[in-house]
Amino acid sequence: MTAETASTTGSAPTAPTAGATGGAAAPLATNVHDCALVFEGGGFRASYTAGIVNVLLDQHIYFDYVCGLSAGASHTVDYVSRDRVRVRRSFIDFATLPDKGGLRSILRGKGYFDAEYDYTGCIEDGYLPFDWETFSRNPAEVAFQSFDGATGETVVFHKRDCTDAETMATYVRMSSTLPGFMHPVSLGGHRMFDGGLGEGAGIPTVMAERDGYEKFLFVATRPFGYRKTAPVGAYRQLLERARVRYPVLAQALLDRWARYNIALEHMLDLERQGRALIIRPELMPVRSTTQDAGLLRDAYLLGYDQGVRELPRIRAFLFGAPDAGPAPTREEWLRDLEADARALAQPLDAPTVDPLTEEVGEYVTLG
Numbered sequence: 001m002t003a004e005t006a007s008t009t010g011s012a013p014t015a016p017t018a019g020a021t022g023g024a025a026a027p028l029a030t031n032v033h034d035c036a037l038v039f040e041g042g043g044f045r046a047s048y049t050a051g052i053v054n055v056l057l058d059q060h061i062y063f064d065y066v067c068g069l070s071a072g073a074s075h076t077v078d079y080v081s082r083d084r085v086r087v088r089r090s091f092i093d094f095a096t097l098p099d100k101g102g103l104r105s106i107l108r109g110k111g112y113f114d115a116e117y118d119y120t121g122c123i124e125d126g127y128l129p130f131d132w133e134t135f136s137r138n139p140a141e142v143a144f145q146s147f148d149g150a151t152g153e154t155v156v157f158h159k160r161d162c163t164d165a166e167t168m169a170t171y172v173r174m175s176s177t178l179p180g181f182m183h184p185v186s187l188g189g190h191r192m193f194d195g196g197l198g199e200g201a202g203i204p205t206v207m208a209e210r211d212g213y214e215k216f217l218f219v220a221t222r223p224f225g226y227r228k229t230a231p232v233g234a235y236r237q238l239l240e241r242a243r244v245r246y247p248v249l250a251q252a253l254l255d256r257w258a259r260y261n262i263a264l265e266h267m268l269d270l271e272r273q274g275r276a277l278i279i280r281p282e283l284m285p286v287r288s289t290t291q292d293a294g295l296l297r298d299a300y301l302l303g304y305d306q307g308v309r310e311l312p313r314i315r316a317f318l319f320g321a322p323d324a325g326p327a328p329t330r331e332e333w334l335r336d337l338e339a340d341a342r343a344l345a346q347p348l349d350a351p352t353v354d355p356l357t358e359e360v361g362e363y364v365t366l367g
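Residues 1 to 367 (full-length UniProt numbering) are what the sequence shown spells out, left to right.
Written out as structure tokens, the structure is:
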């Protein structure tokens, strides 16, 4: 199975296009042509980086090429659809649905995260619609990857593979499926898992490099100095036992820490060469499995605040000067900020999460 055949060989849904365009609307414009926008995964740590995504959208900074994996795959497609409301809601509002995550979801037989609802169900029932029309009109290329649990192959999905909103959402789900925590989807008869297990081990820049890019804006979910460590204790014993039935998947989980650190060092080399700007969280107040909507909302606001303060660096890297490049009018920016403030002021009812389940989830998840 190859990336080129991903959309035709698998079992992704082929329902009629959601929000399909009639082909008459003009394509949107982009203004960053020589640099790839890259989103790291990290589960609900993406609530923080969602704030940075929306700063880019608010500032009308539009890239030709966007890639990511796991939670970063969600950021990728939401950024290209230019839907700042969906960017924010994707990593806050689901925590207000007690049946869609945590212990209740497990008891319903849906896994720690109800992936079927989180990716396609929420589009189908209108809880979190996807703007397929804008996504289709946007000329930006997208890429996100998944991991074949049987062969160990990294499968990359591009925009051309996404024939409709449901198919796209299914591929994003494949890029985000945490072993043991989310029910996997099959593609060509093979179960697909989180793209962080594949090439790059969680650093998505490899996709942009393969597609010819040499300059990168990398939005990270880990702070400066972070490194992964080898699995130990009960978790390592679990993986060793899993080798019997799932040799490829277990091995990928066992050695991911080392592969991630190698890929991260390459990213740091690019930064030292001036070819990459890495936006790292100054403070990460949530974990990959956090289900407290109030904490996730706070993380979003912290990320947005950092994104605003990073704008001079971002503009200098992309456009040559701290005040260069596109910008909204004052009225446009105030409108967006006021819309955010109204939405975030609404009360949120967060489900109770079993602390032990969250502790295990933080160690196992692939962010």
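Even glycine gets a Cβ: it sits at the ideal position worked out from N, Cα and C.
Top-ranked residue by Cα proximity to residue i, from the options
i    : options                   : result
D161 : D93, F94, S136 and V308   : S136
L253 : G294, G202 and I279       : G202
R210 : T30, V66, E271 and A321   : V66
R84  : N54, G72, F94 and H33     : N54
L187 : P179, D148, G195 and F319 : D148
D164 : E214, T154, A324 and S81  : S81
E153 : N138, E124, M284 and S175 : S175
Beta-carbon gap between residue i and residue j smaller than 8 Å
i    : j    : result
V142 : T49  : no
L128 : R86  : yes
G72  : P281 : no
Q59  : L311 : yes
D292 : A95  : yes
D323 : R313 : no
G68  : F39  : yes
T30  : P139 : yes
A263 : G200 : yes
L270 : F216 : yes
Distance, residue j Cα to residue i Cα
i    : j    : result
P184 : L277 : 34 Å
F218 : R236 : 31 Å
C35  : Y246 : 38 Å
T289 : R259 : 23 Å
G233 : R243 : 16 Å
P231 : R256 : 9 Å
V308 : L337 : 12 Å
Q145 : Q273 : 26 Å
I279 : G196 : 19 Å
G225 : V248 : 30 Å
Q251 : G198 : 11 Å
V32  : R275 : 15 Å
K100 : L178 : With a pLDDT of 48 at K100, under the threshold of 50, the modelled position of that residue is not reliable, and the figure given next carries that caveat. Distance between the alpha carbons of K100 and L178: 15 Å.
D133 : E240 : Residue identity differs from the one stated: residue 133 is Glu in this sequence, not Asp. Whole-angstrom Cα-Cα distance: 46 Å.
M182 : A115 : 6 Å
D131 : V172 : 15 Å
H158 : H190 : 19 Å
D194 : L56  : 26 Å
N261 : R227 : 6 Å
A20  : D93  : Bear in mind that a pLDDT of 38 at A20, under 50, signals an unreliable position, so the model cannot answer this.
A321 : C122 : 41 Å
Y213 : D64  : 11 Å
T167 : D78  : 15 Å
D125 : R287 : 28 Å
Contact belief for residue i with residue j at Cβ below 8 Å, rounded distance in angstroms
i    : j    : result
M207 : V156 : 6 Å
G303 : I52  : 5 Å
A299 : S70  : Not really, about 17 Å apart at Cβ, beyond 8 Å.
L295 : P285 : 6 Å
Closer than 7 Å: residue i CB and nearest the ligand MG heavy atom
i    : result
T177 : The ligand MG is absent from the structure shown, which contains no ligand whatsoever.
Stretch-stretch touch, CB-based, cutoff 8 Å, three pairs: the region 37–44 with the region 329–339 | no
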